[in-house]
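Numbering (the working numbering), first residue to last: 3 to 116. Quick reminder that beta carbons are idealized off the backbone N, C-alpha and C, glycines included.
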């Protein structure tokens, strides 16, 4: 298991190329952020979407990427695509939250005008 902590800016495409024993990657910063979104915004649909993504799961509040994408380190690009999907889900959650707040502000302004 490899834990990729906050502050890591770039990982090359062939970084795990000969790591035959690599079983999973853990992303603590993304995990913490996702847990906050799921708990504070009540977005269980995000957990469902993550668990429906091949080789990605949330286990005990941790995002894990495992399985064939990591075999011998040759699937790093697949791993990055999965991370992009997770980050897209986070962005979508924020966009939905912002849209709701904006709509409420417009409604309040309209009510104040009447």
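- For residue 26, DSSP records a beta bridge to 68.
- The stretch 60-70 and the stretch 94-114 do not touch, with fewer than 3 CB-CB distances between them shorter than 8 Å.
- In this structure residue 29 is buried. Its beta-carbon is surrounded by 16 or more other beta-carbon atoms within 10 angstroms.
- Residue 82 and residue 106 have their C-alpha atoms roughly 36 Å apart.
- With respect to the C-alpha of residue 37, the residue from 64, 51, 54, 24 having the closest C-alpha is 64.
- Spanning the alpha carbons of residue 8 and residue 114 requires a straight line of approximately 45 Å.
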